[in-house]
Each structure stands twice: as structure tokens, then as C-alpha cells.
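Residue numbers (numbering that gives the first Met the number 0): 0 to 628.
Here a beta-carbon is modelled for each residue, glycine too, at the ideal position from N, C-alpha and C.
These notes concern the structure reproduced below.
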Amino acid sequence: MSASLLPFLAAEPPSAGGAELGQILIVTLSATVLTSALLVLGLGHRSGRVALLGRIGGFAERALRLPAWAALPLVVAVPTLLLALFGLTWDESLHIDDGRDEGPLANPSHYFLLIGLFGIFSAGWLSLVLPERGERPGPSSVRLARDWHVPVGGLLTMVCGSVALTGFPLDDVSHRLFGQDVSLWGTTHLQMLTGAATGVVALAMLYREGVLAARARVGTDREIRPLVPVPRIVDALVDKLHYATLGGGMLGALSIFMGEYDFGVPQYRLVFHPILIAAIAAFGLVTVRALAGPGAAVLAALWFMAVRGVITLLVGPVFGEAVATFPLFLAEALLVEAAALAVVARRRPIAFGALGGALVGTVGVLAEYGWSKVWMPLAWPGHMLPTAIAYALPVGVACGVMGAFVYGGLDRRAALVRSRSVLGGVALSALVVFAVFAGLRTTSAPDVRATVTVEEVSPAPERQVVATVRLDPPDAAQDADWFHTLAYQGKEPLRVDDLTEIAPGVYRTTVLPVHGTWKSALRLQRGGEMAAMPIFLPADSAIPVGEVPVPASFERALISDQQILQRERKDDVSDAVVAAFSLLILAISLGIVGLVGRGLVHLAGPVREPGAPRTNGRSRERRRVAAGV
Numbered sequence: 000m001s002a003s004l005l006p007f008l009a010a011e012p013p014s015a016g017g018a019e020l021g022q023i024l025i026v027t028l029s030a031t032v033l034t035s036a037l038l039v040l041g042l043g044h045r046s047g048r049v050a051l052l053g054r055i056g057g058f059a060e061r062a063l064r065l066p067a068w069a070a071l072p073l074v075v076a077v078p079t080l081l082l083a084l085f086g087l088t089w090d091e092s093l094h095i096d097d098g099r100d101e102g103p104l105a106n107p108s109h110y111f112l113l114i115g116l117f118g119i120f121s122a123g124w125l126s127l128v129l130p131e132r133g134e135r136p137g138p139s140s141v142r143l144a145r146d147w148h149v150p151v152g153g154l155l156t157m158v159c160g161s162v163a164l165t166g167f168p169l170d171d172v173s174h175r176l177f178g179q180d181v182s183l184w185g186t187t188h189l190q191m192l193t194g195a196a197t198g199v200v201a202l203a204m205l206y207r208e209g210v211l212a213a214r215a216r217v218g219t220d221r222e223i224r225p226l227v228p229v230p231r232i233v234d235a236l237v238d239k240l241h242y243a244t245l246g247g248g249m250l251g252a253l254s255i256f257m258g259e260y261d262f263g264v265p266q267y268r269l270v271f272h273p274i275l276i277a278a279i280a281a282f283g284l285v286t287v288r289a290l291a292g293p294g295a296a297v298l299a300a301l302w303f304m305a306v307r308g309v310i311t312l313l314v315g316p317v318f319g320e321a322v323a324t325f326p327l328f329l330a331e332a333l334l335v336e337a338a339a340l341a342v343v344a345r346r347r348p349i350a351f352g353a354l355g356g357a358l359v360g361t362v363g364v365l366a367e368y369g370w371s372k373v374w375m376p377l378a379w380p381g382h383m384l385p386t387a388i389a390y391a392l393p394v395g396v397a398c399g400v401m402g403a404f405v406y407g408g409l410d411r412r413a414a415l416v417r418s419r420s421v422l423g424g425v426a427l428s429a430l431v432v433f434a435v436f437a438g439l440r441t442t443s444a445p446d447v448r449a450t451v452t453v454e455e456v457s458p459a460p461e462r463q464v465v466a467t468v469r470l471d472p473p474d475a476a477q478d479a480d481w482f483h484t485l486a487y488q489g490k491e492p493l494r495v496d497d498l499t500e501i502a503p504g505v506y507r508t509t510v511l512p513v514h515g516t517w518k519s520a521l522r523l524q525r526g527g528e529m530a531a532m533p534i535f536l537p538a539d540s541a542i543p544v545g546e547v548p549v550p551a552s553f554e555r556a557l558i559s560d561q562q563i564l565q566r567e568r569k570d571d572v573s574d575a576v577v578a579a580f581s582l583l584i585l586a587i588s589l590g591i592v593g594l595v596g597r598g599l600v601h602l603a604g605p606v607r608e609p610g611a612p613r614t615n616g617r618s619r620e621r622r623r624v625a626a627g628v
């Protein structure tokens, strides 16, 4: 709520620099009303004055066979997370097809995104207020007040939801300071994505706390009775599906970082795509397979494919927007299942995570390479595979180790998650991932020019052309990772098309729209070099910039790709201001990741039970073996 007031400190900007203050006020007041209602409902329940929450929680408890403080938050969180994923996918497609929006209320996808993120926050709050006075919810509850203990997973869920929601007002502050960054990997966008992704891990913690608490109640007068008795085999299958949902949720939440590649408008190197797929698959699939046993990784991949398939169908063919493709993760799931058989996952989770990550980073990349040829807007070229595997292999191993660590926390393997060697391995894994992504820098293509002649296909006002492009030097696009034309933001689905080489260094485009709000450009990425040349860009008084026209023939230099894709960015902002704001967002994002990691260690509990004698070096060695290190 406090962060929502920050935009009022700035003057009214043009439409390219931030939302209208009226829209910010409406969103702020709405959030205040909803938050106040949650406070009244929750605190009223704890005081005994409001019975509604208790009745709903009791029904959810019997339906899911979990304590109310875990059951009802999960009932709220799962559908709202799906709404958030749908809203984000739709939001990306709208920006790609229609351009920037005029504020949070001008874009219909924002409603789903806001409701989804607020649902995560609400689920966390409900898990805090539903435990009875004096009750210790779960084996690793956290004390908030003298007689108020809360589940650590619920507390972290609320914090993650808050971090994600705070990204919205900070995003508007960023627009006012730096101009709109129509990039998924913008600083505040990454904060929102990180809050949502870590929120799924926090929900997994809450679920595990609920499962352990329900087991502890068996045979007591507080044992949870199901709404409908079911055979034990059905009960076991439902339990497996619950874990598969958590695993698929991890894949879905982490896959949001690949959005630009899913649509075919990446602003960074193509090699990031296989690396991201390997990282997400290794982390999510190793975690769920170690936790839920045989078949869980495959079920999680199938769950992911079903959810993303439905969302893609709605946003693409049904709504008529750009289609978001997605990796299958099915081959990776089978590889993780094979690794679990080769290295018994529960006995040696670190070795399992490393092996599973290695298989995902090699064979898994080859499988997704084949899938890229079938259904990805930017098919991976064969010459990129050695580089992709060289980076995906260490990242896959690192993320597999981190997945094993998450499993250790969720399964309360204290000897695993509190081991110095494991904690050191997790820290080293994080450094490996950071080093790979930070090391893959890009530069503009040096001294490349293009001479273009155009042929009219249809005249104004809906002018379309076919262009013949002659590069200087002629081999500038040789062994390129991509060399294509991009036409987008014309109020229609984007067009990404490869060029056809008709002579050495001479290429021919498909039909390009060069009218209205369309932006048409030539894009080239080869190794660390990324560049683009505008073919047609409309005038935009809100930035302000003039039109880049399309005469019958012209010669232009290839410039930085981001000068075209992030046309709204301001050029007159101090580097120190940019660095300070970026460091602030980075600190918030890393802080929430570290907090969730600390929560996993807390959930695992102490290695030694209270009152147990101190252990000597030999028993510590036995703990290391038991941890599977």
C-alpha cells in the first residue's frame, strides 16, 4: 500500500512514461479495500467474532484431508496462480500485438494478473489466521505473538505475494523515471516474476506442513475425516496427483521467465533459451521426483503441458492474439525418472540431482532442439548446440542440486539441508547459474550495413512490401543464430519470418506491413552480436519520435537491437540512477529467494532433537552418509 503511493511523487507523465494518476488511485483504493476486508475477516476469526472463515475452512479441511490452515489457502492459491499465469501470457501477447498500454486498468489482462498475485498474498494471510489460539500448526511453526503460531510456508507465501504485488507500483515508478521497458526481463518485471515463482515453493512448504500435521492427528480426537471415504489405492493416487500439481506448478511458475522466447521476440541471445529450459526442468522435476516417488516427474510435465496448452489455446486461436509456444519438459521428465532409478533418489538426493541435471542439460537439450524444429517461433540452429550444451550442462547440474536441497527441506531431511557441504554446494550452484547468465553478454554487430530495395505488394493506406536486402559485408549473417524479419504491434498477431538467400549476401523477405502502428525490422544475432535495422517505424508523439519511412530503396546501418525493441526508453537518465534502481530491485529479489531458502532450512528442523547428547565426529559422518551427500 505504501509503495502504491510512490507514483504520486512524480509529475503527470506522457502516456509513454507511466499510467494516469487516476488509474493509480483507483488501483490503490481497490487494494486498500480488499486488504482491509482480509484484515477484518482474519482478525475477526481469531477473536471469535466472525464464524464464516471457520466454516469455510472446516469444509476445505475435510475435502483435502489437511488442516484448515493449509487446506483453505491452497484452495485459494491454486486457481489464482492459474489466473496469474493466464493473465501474464495474455498481457505479453497484447503488448507484442498492440504495443504499450495506458495504465493498469487499460489492459484487461492486468485484472487477471492482479487478482492472481493478490490471491497468493491472501492465501498466505489465511494460513496465518486460521490456526487456533495456542495451536502450533505443523512441525516448524513460527511464533508471531504469545499465543499466535503460524506455518512457515504460509508466512513466506504472504511475503512472496507482497513482493510480487509491490512490483506493480514500482513498475510505474520505473516507467516515469526511465520510460516504458516493453521487455519481460525489465527490472521490476523480474521482481514480480521472482515473487510469484518463489511463492510456489512457499506453497509447497505449506502443503508439506499440512500433510505432516494431518498425519500427526491420526488416531487422536482431532483426526481429519474425509468428506467421502475412498479406498486406500485411490487415496494414494490423489496424493500423488497433489504432488504432481505442485511440480507442474513449479514448472509453470518458472517458465514465465521464458516468455519472450515463447513468442519469438527475445531481447537476449537465443542460447539463453535452452539454458533456461534446462535450469527449470532440472530444478522442478528433481524436486518433485525425489519428494513424490516414481512417475511424479512425468505427471508434473503432463500437468504443465495441459495448463499451458489450454492457456495458449485461449490467448491464441480464441482471443486472436499471438500464440505462445512452450517446451514440453516430457523428455526431461523421463530423464529425471531414469536418473532416480540409477541413483536412488531418496538415499542420495544430491547425487540424484546432479545426475538428473546433467542428463537434462545434455540429452534434454537435444530433445528440445528437435521440438524447436516442430513448434517454436525461433528454431534452434544446429551450430548452436555445442555452445548450448556447454552452458546448459553446468546450469542443469547446479539447478538439480538446488532441487535436491528444496526436496531436503520439504521432506525434513535436516542432515541434508543443514550440512555444510550441501550448503556450500548450493551456494556454488547459485554462483554457477549467475556466472553463466552474467557472462553471456551481447554487443552490437560491428560495421554492418544493408542496402534495401522494396517491391510494392499493396498500396497505402495498408501498404505492404517485399524487400531485397544486400548485406555489407556479405557474410555478416553467416552462421547466425537468427536472421529474420519481425513485424509486430500492428493490432494483429506478430510475424516472425526467416529471409531467403537468393545470392551470396543477398536476401529476400516475406511480405512486410509498413503502415499504421506496425513496426517492421530486420534482426540479426550471431554469437554475442545482436543488431537490428528498422524497415518501418511509425511516428510516436508520446515518446516523442518521428517516423522511419520506407522509400523505394535505402541504405541503413544495423544498430543496437534494443534501440528498436525498447523505443520508449529515455536516453537522458543518469547511469547512477539506473544502477541504484536496479540494485534496489536486485536486493529485493535476492532477498526473497534467500528468505525462502532459510525457510526450507527452518522447515527441516534441527539435526539433533532437544535433549539428545552431543554428537562426535563419527556420528556426524554417519549423518552425512544418511543425507546422501
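Beta carbon of residue i nearer than 8 Å to that of residue j
i	j	result
A70	A59	yes
T193	S173	no
A330	V342	no
F282	L439	no
G363	A252	no
L80	G248	yes
F630	P107	Because the chain in this structure spans residues 0 to 628, residue 630 falls outside the shown range and cannot be described.
G360	G319	no
D96	Y487	yes
L284	A299	yes
G118	L154	no
V335	A296	yes
I534	L521	yes
R45	V149	no
L290	Y242	yes
V637	V510	In this structure the chain extends from 0 to 628, so residue 637 is not present and cannot be described.
V572	T197	no
V513	V549	yes
P273	A391	yes
F328	L250	yes
N- and C-terminal bounds of the beta strand (DSSP E) containing residue i
i	result
I501	T499 to A502
Q463	Q463 to D471
L143	V141 to A144
H483	W481 to Y487
F553	S552 to A556
V505	V505 to R507
Three-way DSSP call (helix, strand, coil) for residue i in this model
i	result
R597	helix
S658	Examination of residue 658 is not possible in this model, given that the chain is present from 0 through 628 alone.
T614	Here T614 scores only 42 on pLDDT, less than 50, and its place in the model should not be relied on; the value that follows carries that caveat. In the structure shown, T614 sits in coil (DSSP, three-state: anything other than H, G, I, E or B).
D496	strand
I534	strand
T450	strand
M475	The sequence given here has Ala at residue 475, not Met. Note: A475 maps to coil in three-state DSSP.
H148	strand
H514	coil
P13	Model confidence at P13 stands at a pLDDT of 47, short of 50, so the residue's coordinates are unreliable; what they give is reported in the following sentence. If DSSP states are grouped into helix, strand and coil, P13 belongs with coil.
S108	helix
S581	helix
D522	The sequence as given places Arg at residue 522; Asp does not occur at that position. In the structure shown, R522 sits in a strand (DSSP, three-state: E or B).
A626	Unreliable placement is indicated for A626, whose pLDDT of 44 sits below 50; the coordinate value is still reported in the next sentence. Note: A626 maps to helix in three-state DSSP.
F262	helix
E455	strand
S559	strand
M529	strand
F167	helix
Rounded distance between the beta-carbons of residue j and residue i, thought under 8 Å
i	j	result
T156	L205	6 Å
F111	L82	5 Å
L226	A62	5 Å
Terminal residues of the alpha helix (DSSP H) in which residue i lies
i	result
S254	R231 to S254
V544	Taken as a continuous stretch (DSSP letters only), V544 belongs to no alpha helix (DSSP H), as it is neither H nor E.
F303	A295 to L312
Q190	T186 to R216
D97	A67 to D97
heavy atom of the ligand MG below 7 Å from residue i C-beta
i	result
L176	For the structure depicted, the ligand MG is absent and the ligand set is empty, with no information on it obtainable.
For this session: Spell out a yes or no on whether the stretch 502-520 and the stretch 463-474 are touching, meaning 3 or more CB-CB pairs, one atom from each, closer than 8 Å.
Result: Enough Cβ pairs lie closer than 8 Å, so yes.
Exercise. At a cut of 8 Å, does the stretch 262-281 reach the stretch 214-222 through at least three beta carbon pairs?
Worked result: No, because fewer than three Cβ pairs between the stretch 262-281 and the stretch 214-222 fall closer than 8 Å, the two stretches do not touch.
Exercise. Looking at C-beta atoms only, is the number of pairs between the stretch 596-605 and the stretch 129-145 that lie closer than 8 Å three or more?
Worked result: Because the criterion of three Cβ pairs below 8 Å is met, the stretch 596-605 and the stretch 129-145 touch.
Problem set entry | Segment contact flag, the stretch 448-455 with the stretch 404-418, C-beta cutoff 8 Å, min 3 pairs | Touching, no, given that fewer than three Cβ pairs across the two stretches are closer than 8 Å.
Problem set entry | Contact the stretch 411-422 vs the stretch 473-493: 3+ CB pairs below 8 Å | Flag = no, the stretch 411-422 and the stretch 473-493 do not touch.
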